[in-house]
Structures are given as C-alpha cells and as structure tokens.
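Visitor:
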Amino acid sequence: MIKFNLFVLPFSLGLIYIVYSIIMHYYRWIKALPALDKVKLSTGIRTPSKVFASLKEIFLEGLIHRKLWKRNPLLGYMHMSFALGWFLLIVMGNLESRVYHGAHFNAPYYPIFLKFFIHDRLVLFFEIFTVPAFFRFMMDFLLLFVLSGLVLALVKRKQSNWFGMKQTTRHSLFDRVILTCLWLIFPMRLLAESYTAGYFHGGGGFLTQNLGNLLIAVTPGPAELIAYFFWWSYSLVLGLFFIMMPYSRYMHIPSELLLIVFRHCGIQPKKWGSAFSDLEVYSCSRCGVCIDACQLNFAAGINNIQAVYLIRGQRDQYIPENIALTCMLCGRCQEVCPVGIKVDSLRLIKRREIGSGQVSDFSYIASSHPGFADVVYFAGCMSHLTPSITIAMEGLFTAAGVNYLFLDRDGSICCGRPLMLAGKDKQANELMEFNKTLIRQTRARLLVTSCPICYKIFREEYNLPIRIQHHSQYLLDLVRNGKIPLQSQHRKVVYHDPCDLGRGGNIYSAPRELLGKISDLLPSEKECANALCCGGSLGLMNTSVQSKDEVTRNALHSLLEHEPDFLVTACPLCKKTFAKHSGTEVKDIAEMVYDAIP
Amino acid sequence: MIDFGYTLTRDRQLDYDRGDFRFLRIVRAMEPSLDVCIGCGSCTATCSAGHFTGFNIRKLHTLIQRGDNETIKAELKKCMFCGKCQLVCPRGVNLRNLILAMNRAIEQLG
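Those sequence lines, one after another, are chains Z and G.
Heads up: the first sequence is residues 1 to 598, going by my numbering.
Heads up: the second sequence is residues 1001 to 1110, going by my numbering.
#1: Which chain G residues sit within Cβ distance under 9 Å of I305(Z)?
#2: Apart from the five residues just before and just after G239(Z), which ones in its own chain have a Cβ nearer than 7 Å to its Cβ?
#3: So what does DSSP say about Y228(Z), is it helix, strand or coil?
#4: Would Q546(Z) be called buried (16 or more neighbouring beta carbons within 10 Å of its own) or exposed?
#5: Throw me the rounded Cβ distance for the V99(Z) and C181(Z) pair, which I believe falls under 8 Å.
#6: Identify the residues that DSSP records as bridge partners of D520(Z): which are they?
#7: Alpha carbon to alpha carbon, how far is V289(Z) from K575(Z)? Give it in angstroms, no decimals.
#8: Short check: CB of I260(Z) to CB of I45(Z), under 8 Å?
#9: Do the stretch 263-274 of chain Z and the stretch 23-39 of chain Z touch if we need at least three Cβ pairs shorter than 8 Å?
#10: If contact is defined by three or more beta carbon pairs under 8 Å, each pair taking one atom from either stretch, is the stretch 462-472 of chain Z in contact with the stretch 537-556 of chain Z?
#11: Just grab the DSSP bridge partners of H65(Z) for me.
#12: Beta carbons nearer than 7 Å to chain Z: which residues of the stretch 1046-1075 of chain G have them?
#13: Measure the C-alpha to C-alpha separation of L143(Z) and K456(Z) and round it to an integer number of angstroms.
#14: Got a sec, what are the start and stop residues for the beta strand (DSSP E) D410(Z) sits in?
#15: Whole angstroms are fine: how far does the CA of C454(Z) sit from the CA of P83(Z)?
#16: So, is E430(Z) buried or exposed, given that buried needs 16 or more other C-beta atoms within 10 angstroms?
#17: With a cut-off of 8 Å, do at least 3 Cβ pairs link the stretch 1009-1025 of chain G to the stretch 480-498 of chain Z?
#18: R1096(G) and M541(Z) look like a contact to me (Cβ under 8 Å); what is the Cβ gap, rounded to whole Å?
#19: Touch check for the stretch 399-415 of chain Z and the stretch 1045-1053 of chain G: three-plus C-beta pairs under 8 Å?
#20: Using a beta-carbon distance below 8 Å, is V545(Z) in contact with chain G?
#21: Output, in chain order, the set of chain G residues within a Cβ distance shorter than 8 Å of Q358(Z).
#22: Does DSSP put D425(Z) in a helix, a strand or coil?
#23: With 16 other CB atoms within 10 Å as the buried threshold, where does A422(Z) fall?
#24: Return yes when the C-beta of K424(Z) is under 7 Å from any heavy atom of the ligand MG, and no when it is not.
#25: What does N542(Z) reach in chain G if we use C-beta pairs closer than 8 Å?
#26: In the DSSP assignment, find the unbroken alpha helix (DSSP H) run with K158(Z) in it and report its ends.
#27: If you reduce the DSSP assignment to three classes, tell me which class I468(Z) lands in.
#28: Mind listing, in chain order, the continuous alpha helix (DSSP H) runs of no fewer than 4 residues lying wholly within the stretch 219-268 of chain Z?
#29: Quick one: which residues of the stretch 566-593 of chain Z get their C-beta closer than 7 Å to a C-beta of chain G? List them in chain order.
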C-alpha cells in the first residue's frame, strides 16, 4: 500500500526543485571550466588518491568542521551538530524506513515523515533490544544532537563572544528569513513526531515518546489535529528552505563539496574570474570568521568591507567599489576561512575590472646593459627609502666575498606588484618586461631581493630561469655555509612577519633561525600565519592615513608587548611604516646580521 | 626670420575662466586629502618614475588646481604606482589613491 498524505507535497516539491537546481549549478560550473581544467578534473576523479583526499576533506571540513573546532570548540560543535547531525538523520532515517518498507524504491518523503505513517507500539520488555527500538533511539538521539546545536545557534545571536567571535555577519533580510526556516525545521519535526507518538501511545523514542505523552496530557484540544498541523508545518518549512536555498547562502553546502573536489584535482583561480571563482563565491557560508580577523575592522573600525561582504556582493552581482579597494590584501582573512576561499584573488578580480581601462606609457625607461655577476641584488623601490638596508646588504655581500651586482643601485624600475594590486596587470607587465630583460642580461644564477613585495611577484609572475631568494633566506644560507662569521649580541628582539613574505611567500622559519643565531628572539602574541599587517600595505587604496596609522599603532602595541630592544622585520615597507610610530628602534633583519659581524 | 638676438617668451598667463574644474571636483570627492598638500615636494624627490623622467607629482597637483587636464593625461601615464611618495608625505596625502582618482576622472570625462 502506498503511504501518502497531502502534507508531503511542499517537501516533495522543494526537494525536486533543489535537486534540479544543484544539478544545473554543477553542470554550469563544470561546463564553464577551461579545457585544461576539464582534463584535470576528469583525470582527478579517476585517481583514487585524489578521490580519497577529497572525501576525507569533505568529511572533516564539511561534516565535522575541524577548522572551526580548532578555532573554538563551541563554534565547532554548533556547526558539526547541524551538518553531521542532519546528515546522519537522513542516513539513519533511510535505513529505518527500510525496516518497515522492504521495497527497493521508497518515495523520498517516506523516511522524512516515517513517524506519521508508522507508530506501532513496542510493548514487550525484550522489544527494546529489537531493530526498530534501536532506530527509534538513534533517531531521537540525532534529533537531540541537532537541537542542541540549534540552542547554541540561538545563544550565539546574543553571546557570540562565547563562540570565539567578537562580531558576526550582518545578514540581509532574505538571509534572516531562510535562517528562520532552517531553525524551525527541527523543532517542528520534534513536535510533529512527539504529538503523533503521544496520540498513538507508541512509535516514539526516548525523547519524542516521553515529550509526546507529556504534551497530550497537558494540552487540551484535538491531539490528532495538532499533530497534523505540525506535520504540515514541518513539511512547509522544509519545502520553503529547499526552494530558497539556491538563492541563499545555504547553497554553500552543495557548492563546497564540488569546490573541494576541484581543489584536489589541482584547479586554480584565474586572473579574470572563472567557474572556479564563481564556485568559491557560492561556497561562502557567511559564517563571518573573516570579520574578526580583519585589522581594518578591529583596529580602524572599518566594518563593511570584509571578505564576507565582498563575496556577498559578488553573489548579488554588485560589489560597491570601496569594498573592492578598501583592503590591505594582507591575507589574514583567507588564513582563517574555514572553507579556504582565496579571498584576495576574488578581490583582485574585481580590482582588475575597475583598473583595466587605464593606460601607461613607460617609454621613458632607457636602460643600459647592467653587467655580469653571480648574484644579482634587487633592493626594490621601498629599500631606497631605508638606505640602512641596502648599506647592510652591500656590506654583507662584500664580507662574504660574493660576486654580486646591485641592479637597481641608481633607482628601481618598480617590480610591478603595486600596479597589480591596483588591478592594472597590463601596465605591471610592461614594467616586468624591463626588469626581466635586465635580470636576464646579468646571467646571474641567483636573484636576491630585500623587498617581500618584489619577492612575491618575482616568484609568482616573472617566470625567471634563475633562483629567487629573499635576503632573509639568502643570509641564512651564507651563515650556514660559514661565509659570514657571527657573534650574538644577546639583545631582545621581536620579529614581525611581513604579509608578502609570511602568508604570501610562506617564509617563516628562515628569518627566525637567523635571528636565533644573533639575538634573543622573543615570542609575540600574533605571529607566523596569524601575524598582523603593519598597516602600510600597498594593497590598500582609498583609506585615509589616519585609519592606516591606527592599524600600525594597534600592531605595534601587540608586537612590543614584551618590551624588546629592537623590533625586527624583513621588509622595508614594514620598517618605514613602523618607524613612524614606534618608540622602540625598528631594524631590518639584514641590519641585525650586519651588526652581528664581529 | 631675422635674429635680433632675443626671442619672445611663451605666454605664461593663466586663464582660470578657461580651466576645466570638473576634473578637480571628481578628484577631490574621491580623495579629499588632496587639499592638505603644502607643496613640499617630498613626493617628487623620492619618485621612482621621476628618477628616469620629468614626472612630477607636485606639478600634477598644481595642474589639477588650474584645470589643465590635457597635460595631466599625458603625465599620469608615467606613474609606476610604487607608493614611495605616500610614505614620505609629511601631510598624509593618500597619493596613490590620488593617482587612481585622476585616472578615474580621465575615464569619466573622456
């Protein structure tokens, strides 16, 4: 006999719609991939190791929410109870429905509304050890698991600091409507199942049966009708949730699964936007973890431009210009993003749209042959503002007896990254060509730069046939090879990680090892991947100097907590920015090494 | 032409009635710190592009005030956008955004 009732229709229609919508989205994303990425995808999904890695990440991040657990256990539990709890409810519900219905194909609504159709009593003592009793217990347990998360979600609205979040996302009206639907689903299910179990004196587990008995006892009125009302409500909120889902942030659930697969297949974001970036935009859950990480927010009080708002703007096909331009591109937000969205690349895509129309004319640059050397040293524009760095570097090259060439001794041709950060890639490429030619002409085998900004673009965009090192790496090599004798000065220092060297270039240990040899390195509250930006970032376009100064002072406050003798950094821009506000002397790591030569 | 041993100097008169101040308005709206400049010239002294050619941001600042947009258009293309000017500015003028604002004004005015 077919089990059916009219109230299953809203849910069923919603389900059909969401399945159709997900299939269409997946089809669109995969179809829009460039040919090379399609090949990567089709080989990837046939490589067992990649499939396994994807499934593992889907389990750990999509269901368990491991990154959020690490951030704050309460936050992790809340997300896990929703994701894992709901997932297990679906799986367990399907298994349970098979106990009562042996057919190969069950109507999709059948497991969802099973308790409406099945409510037989388990009367005898030994029956609590039977399969149906087991499922009843498990289903109630899982429902309780999800409901505990719901309670936490409600608490989080008022007390987000308990969840390790100072600020949460300001949601739009539509987001709040669908959030309400989501929150209503599980209480409705609880009430519907309880009333039915209470009315029939059977069919429920430890939670629904007892609650049902109680409800029937204390509420007057036709219990069957009340139960029916809740079944309708349950079906309606589920159906509504599914119908709104493709237009809401909850589309992150199916999107993130595909994103994880894309990533494991080696698909990368493209400069001008692509299916991958579109998928990243859909994968944002708007959890708002990025808001607390943003220094512009907590140090300068600018709270409307964070990653979550950029991505929401992209989803709505409209990003206000100031959201794209007001950002230091320090990378702190993408470091904490539980979905691992490359926010900086999304922001740069928007900046390229804004900045592409403008032209440059660099025909005035006339360079002569730079000469030959083993090592070519490129100080970078900013290092010319901090001559102590270039003096130290030249002294160190000489002390180590290196055959070097100071390529931009008489003024730098900019590396191009500042233009690129403004979305002017074409102009940046013109500058890059000049530098590429000069570097190639030297026939050097190693390029050393003092500026992390230059270092990043040399490595990522220049395609140079030679090795590229930041001076902190290079000096460490020299010291290790015994080229520079050092004597520790035993001065207390704190090291500041420059954004483009640390998060941007993944160089954390070399400067620390080097400093460990010549000084007493103190820890700081926020370091390595969690390091603060100095506030001088060239990524920031339209923010006032006053706001930048606030970022700088805030960072200094954190760095100078242990009262070091020197604040050491490895970037001329950081040095120059900090020096303006710091009471403690700011030194570059090259200066420190130079001073440590006995 | 007979060489009399002297030449006529170019007309240095500024006619503010013929200046196009729409440009100034757009730039000022986008970057108000334009107005705190004291014309010290630190920006120009450190300029990466200025090292190779006659690019002069202080001059650009003057040209905006005069409404001489054609000269600005040609000059602006030389900027490398490295940001040194901004770091040395004693008045805290957001010079990189000023350059962006000028670019934007050119786009808007055609």
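Ideal Cβ positions, reconstructed from N, Cα and C, are used throughout, including at glycine.
Quick caveat, the model's predicted, so the values are computed rather than measured.
Guide: So, from the listed chains and residues:
#1: None at all; the shortest Cβ gap to chain G is about 15 Å.
#2: The answer, listed in chain order, is P10, F11, L13, G14.
#3: The answer is helix: DSSP assigns Y228(Z) an H, G or I state.
#4: Residue environment: Q546(Z) is assigned as exposed (fewer than 16 neighbouring CB atoms within 10 Å of its CB, all protein chains considered).
#5: At roughly 30 Å, the Cβ-Cβ gap does not stay under 8 Å, so V99(Z) and C181(Z) are not in contact.
#6: For D520(Z), the pairing in a beta bridge is given by DSSP as K492(Z).
#7: Put simply, the backbone Cα of K575(Z) is about 29 Å away from that of V289(Z).
#8: Not in contact: I260(Z) and I45(Z) (Cβ atoms no closer than 8 Å).
#9: The stretch 263-274 of chain Z, when compared against the stretch 23-39 of chain Z, does touch it at the 8 Å Cβ threshold.
#10: Contact between the stretch 537-556 of chain Z and the stretch 462-472 of chain Z is absent, because fewer than three Cβ pairs lie under 8 Å.
#11: In DSSP, H65(Z) forms no bridge with anything.
#12: When C-beta distances to chain Z are compared with 7 Å, the residues of the stretch 1046-1075 of chain G below that value are T1046, S1048, H1051, F1052, T1053, in chain order.
#13: Cα to Cα, L143(Z) sits roughly 50 Å from K456(Z).
#14: Where D410(Z) is concerned, there is no enclosing beta strand (DSSP E), given that its DSSP letter is neither H nor E.
#15: Just to set this straight, residue 83(Z) is Ala in the shown sequence, not Pro. Using only the alpha carbons, I get a separation of about 43 Å.
#16: Buried is the call here.
#17: Too few Cβ pairs lie closer than 8 Å, so no.
#18: Correct: roughly 7 Å between the Cβ atoms.
#19: The answer is yes - the stretch 1045-1053 of chain G touches the stretch 399-415 of chain Z, with three or more Cβ pairs under 8 Å.
#20: Yes, V545(Z) counts as interfacial toward chain G.
#21: Going along chain G in sequence order, the residues near Q358(Z) (Cβ under 8 Å) are N1103, I1106, E1107.
#22: Assigned with DSSP and collapsed to three states, D425(Z) falls in helix.
#23: Looking at its Cβ environment, which holds 16 or more other Cβ atoms inside 10 Å, A422(Z) is buried.
#24: With respect to the ligand MG, the structure offers nothing, as it holds no ligand at all.
#25: For the C-beta of N542(Z), the chain G residues within less than 8 Å are, from N- to C-terminus, M1030, E1031, N1094, N1097, L1100.
#26: The continuous alpha helix (DSSP H) containing K158(Z) extends over residues 131-158.
#27: I468(Z) sits in a strand when the DSSP states are folded into three classes.
#28: List check, alpha helix (DSSP H) in window: 223-244, 252-264.
#29: Only those residues of the stretch 566-593 of chain Z whose C-beta falls short of 7 Å from the nearest C-beta of chain G are listed: K576.
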